[in-house]
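The sequence shown begins at 81 in my numbering and counts up by one.
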Amino acid sequence: MSRPPDDCPASGEAGAEAERLAALACYGILDTPAEAAFDDAVALAAQLCATPTALVSLVTGDRQWFKARLGFAPGETGLDRSVCVHALAGRGLLVIPDLAADPRTHTNPLVTGEPGIRFYAGAPLVTPEDRAIGTLCVLDTKPRPEGLSAAQGAGLEALARTVMTQLELRRGIAARKTEAAALADSEFRLRLAIEAAGAGIFDYDLVAGTLAWDGRTRALFGVGPDETVSYAGTFLARLHPEDRARTDAAVQAALDPAGPGLFDATYRTVTEDGTVIAWVAARGTLVVETDEGIKRARRFVGTVRDVTAERTAQVAVAATEERYRLVTRATNDAIWDWDLAADHVLWNEALQAAYGWAPETVEPTGRWWLDHIHAEDRPRVEADIRRVIGGGHDWHHEYRFCRADGAYADVLDRGSMVRGADGRPLRMIGAMLDLTERNRVAAQLRAVVEGANIGIVQIDPRTMIALEANPKLCAIWGAEESDIVGHSIAKWTPEADAAERDQLHRRLAAGEIVRETLEKRYRRKDGRLIWGRVNLVSQARGEALQATAMIEDITAEKATEARQTALIELGDTLRDAAGPAEIRGIAARILRRSLDLSEAGYAAIDATVGGFAIGRARPDGTMCPAPFPAMLARLRRGEILAVPDLTAEPDLAPDAGGYAAAGARALIGVSLTQRGALVGLVYAHAAEPRAWDAGEVDLVREVAGRISVALARIQAEEQQRFLNRELSHRLKNTLTMAQAIASQTLRNATDIASVKEALVARLVALGKAHDILLSGEGEGEGAALQAVIAGALTIHDDGEPGRIHLSGPDLEVGPKAALSLALMIHELATNAAKYGAFSVPGGRVGVNWHVARARWPEDAEDAGEAEPVITMTWAETGGPPVAAPTRKGFGSRLIERGFSGAVGGETQMIYAREGVTCRIRAPLKGLLEKE
């Protein structure tokens, strides 16, 4: 660091030098590139004074830096080489005719060495606060005993003032750029907030007669992006007839330049056919220009919001409307002019309008103003403003100001000093802006974000750094706010999804405007993967980019979808399973994948050990069964086991060895029963403790139900094969017996008539005997209606209470009707298992029938007398939403025509969203017909 000359003003009071350096720093000029205005100043100075060298020199605490230089190579020098430092003490022109002869400069290295300067003339650069921060100087390598002429001296001082004016302008421009950037950022945040809130914007140009709507407004009115909109043809036409006149009147009132120019209405929008689209809250402001005292309406601008869901919450709607009204209204500043010499303060009428102070109640002094600042804020405000009066230029402060009613308003006060030529403070002019509503609205908005039931994070799209995060997001990601804010949000995406994540981040960083909803995975702080539905909104304004993401945890929803898909797959694969071993493999594969486990499946009771074979298979593919007496006891009682930690269950302690051998620490177990007896187990177990949720338990229970049905089907098919073999055997025997009967009858016959009668009687007896052998029902020549239906639904009865409900009078149906009815019920139940009530837990199927007398056919002109007519209804409830099939296969045709064709009735299929209904009407005689 260079040592300043001994007579430098910097060796004076440290406080004065600190203030001078602070004044220099506030211009932000040091080490900036060359600028033409300053280069022109040194060129003019050199030409005016006929010198080869001219400089704009700014003196810091340890160097002098040249903003502009002519004829001098170095960009800066140490203070030990500075001549300009001697000019700072005065406020006039400093001229040294011969630097080599002057005791202050004769040892200066620039004088004694290169470039050998001998003459100096410098005018100080003095700030409005009377701080000398540098000089505009000229140099020559020859002494000038005559110095400068009066005209040259005056010209050099004038140029110095011009340089100072340029510095002031430069500082003013920088300040305005900062204010403009702050305003643009504020507008940008407001726009982003409006879009994130789902608001639309309209702009009605009253001069051109054109109406402009943004995309959100068009959506609320049901108008496409390319459709032309107009006030009468679109806006009024799309209003509900009951709201149209009222809304039009409100708009016309707002368009009156003599009125307040504000529009505030709530109305319904409709489609072209009159269907209501939404309730819309609209607010607008009239833009008025005054020309020679005449007010003319120019534009009508405002916003619209969908408030359909808010109609039942009028208080919340009113608060939102008030916030928006305050945001869109012009600021109501209280302007003040403080004469510091007379201590007289003049306020404009806004002091009364904004704060309630009538002019006659206001003492026009600075003391009155300071006394009405909140006691906690007053000391720092007063100290700050005294500091500015003592040596500053601009002042601003936020504090609490007392209203006339005693309440305090949050205000932003800004002022600028006016000083005399000698730097003495003369007056201060400023404006006081009421921030109370802005702060209240900001607090409410923060409260909304903080209390929102979805995660919200604001992001810098260029770096993906999180700027803000609300508590709900912290809960979703299982993290503290400090884990999120200030860090890249990329770390919350699992590496498996990194490519997709990075592609989206590149789009945002490139400034692409994003308005989309996507579903993606996140990895919580505890390592658990979750699913989120993300509503992403980004916006760019110039170089500024900002993005907001609203994240909803849909992990449970995704799990439910995956489990439903797994159950559908299970049903489809089990339908084709050929045996228990294949069923065991299917169950294990689907459960392991759905629950993200390595061990799950189905196990039958091993009679040799009285237990199950669960866990890992041996090298030869077999599994080692183990007794689980405690678990068997609970399963036999009908319990569903969902144990998060087997070591913490005292009741299961006797089974500890078996669990350890199977590598099981947490377990779900659902029993399989047959005619009340426990025959097997569907299980899922984890090697570590795990808290099973209700969806996981329901999945295992549903799998168990479907396995039970599949095992029953396989057993039934095996029994059918056995019966077919038995029937073949009996048929052969029957034919042999019939042959024997015929032979014996004919052998002793005496005439044809007696032969016929005897043969018929014997064959009828044989047929009845055959019936007894096959059905064991003795003299019955048909079957009970309820038994036929129940038999067809047996494989779909998973034991859940209320799953199947049958009701109706006892009826016996003929063989033909029984066969057709069984086939139809089978097809309906199969469809319900694939797509309907049997496909989900909680689904219900009811079959009811009743008999009433009616004319049949009902709509035929030749319908006969009233006769018994049976009405049978199949109804599904609790299943997935129903959609009508796009085509009909053999099963559908069998349902619609098989049974009704067999008994002479009619069938109606109803595909209601809440469940399929099949309604059959037929004459009772057709149902009872024996052949």
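For glycine and all other residues, C-beta sits at the position ideal for the given N, C-alpha and C. Since we're looking at a predicted model, the values are computed, not measured.
Residues that residue i bridges to, as DSSP identifies them
i, result
"Leu-758", "Thr-753"
"His-930", "Thr-951"
"Cys-129", "Answer by DSSP bridge pairing: none, since Cys-129 is not bridged."
"Ser-568", "Ile-545"
"Gln-524", "BP columns for Gln-524 are empty, so no partner."
"Cys-998", "Trp-954 and Met-989"
"Glu-892", "Ala-864"
"Thr-874", "Answer is none; Thr-874 lacks a bridge partner."
"Val-368", "Ala-377"
"Asp-514", "Val-491"
"Trp-936", "Per DSSP, none; premise fails for Trp-936."
"Tyr-763", "Gly-681 and Gly-749"
"Tyr-347", "Val-360"
"Met-508", "Trp-418 and Met-497"
"Trp-611", "Arg-601"
"Ser-887", "Asn-928"
Residue i - DSSP class collapsed to helix/strand/coil
i, result
"Asn-519", "helix"
"Tyr-739", "helix"
"Asp-670", "According to the sequence as given, residue 670 is Ile; it is not Asp. Ile-670 falls in the helix class under three-state DSSP."
"Arg-409", "Because the pLDDT at Arg-409 is just 39, under 50, the model does not fix this residue reliably, and the point stays unresolved."
"Leu-779", "helix"
"Gly-95", "helix"
"Ser-618", "strand"
"Thr-383", "strand"
"Asp-111", "coil"
"Trp-427", "strand"
"Asp-419", "strand"
"Arg-714", "helix"
"Glu-599", "strand"
"Thr-628", "strand"
"Pro-1003", "strand"
"Asp-686", "strand"
"Asp-831", "coil"
"Asp-464", "helix"
Residue i, buried or exposed, once every other Cβ within 10 Å from all chains shown has been counted against 16
i, result
"Ile-593", "exposed"
"Asn-188", "buried"
"Pro-541", "buried"
"Asp-485", "exposed"
"Gly-55", "Residue 55 cannot be examined here, being either before or after the span of the chain that is shown, 81 to 1011."
"Leu-735", "Here residue 735 is Asp; the residue named in the question, Leu, does not match the sequence. When all chains shown are included, Asp-735 counts as buried."
"Val-350", "buried"
"Tyr-991", "exposed"
"Arg-993", "exposed"
"Leu-150", "buried"
"Asn-928", "exposed"
"His-876", "buried"
"Ile-197", "buried"
"Glu-209", "buried"
"Ala-232", "In the sequence under discussion, the amino acid at residue 232 is Gln, which differs from the Ala named in the question. That one is buried."
"Lys-552", "buried"
"Cys-998", "buried"
"Asp-493", "buried"
Delimiting residues of the alpha helix (DSSP H) encompassing residue i
i, result
"Tyr-435", "430 to 435"
"Ile-556", "551 to 557"
"Pro-321", "321 to 334"
"Thr-727", "Where Thr-727 is concerned, there is no enclosing alpha helix (DSSP H), given that its DSSP letter is neither H nor E."
"Thr-441", "Segment: none, Thr-441 is in no alpha helix (DSSP H) and carries neither H nor E."
Enclosing beta strand (DSSP E) for residue i [first to last residue]
i, result
"Ile-536", "535 to 540"
"Cys-482", "474 to 482"
"Arg-977", "Taken as a continuous stretch (DSSP letters only), Arg-977 belongs to no beta strand (DSSP E), as it is neither H nor E."
"His-454", "It is not in any beta strand (DSSP E) - His-454 carries neither H nor E in the DSSP assignment."
"Ala-722", "721 to 723"
Proximity test, residue i beta-carbon vs the ligand FMN heavy atom, cut-off 7 Å
i, result
"Asp-111", "Among the components of this structure there are no ligands whatsoever, and the ligand FMN is therefore not found."
Runs of beta strand (DSSP E) wholly within the region 171 to 245 (minimum 3 residues, chain order)
174 to 176, 199 to 206 and 212 to 220
Tell me the start and end of each unbroken alpha helix (DSSP H) in the region 275 to 314 that is at least 4 residues and wholly inside, in chain order.
295 to 301
Whole alpha helix (DSSP H) elements within the region 114 to 169, 4-residue minimum:
116 to 129
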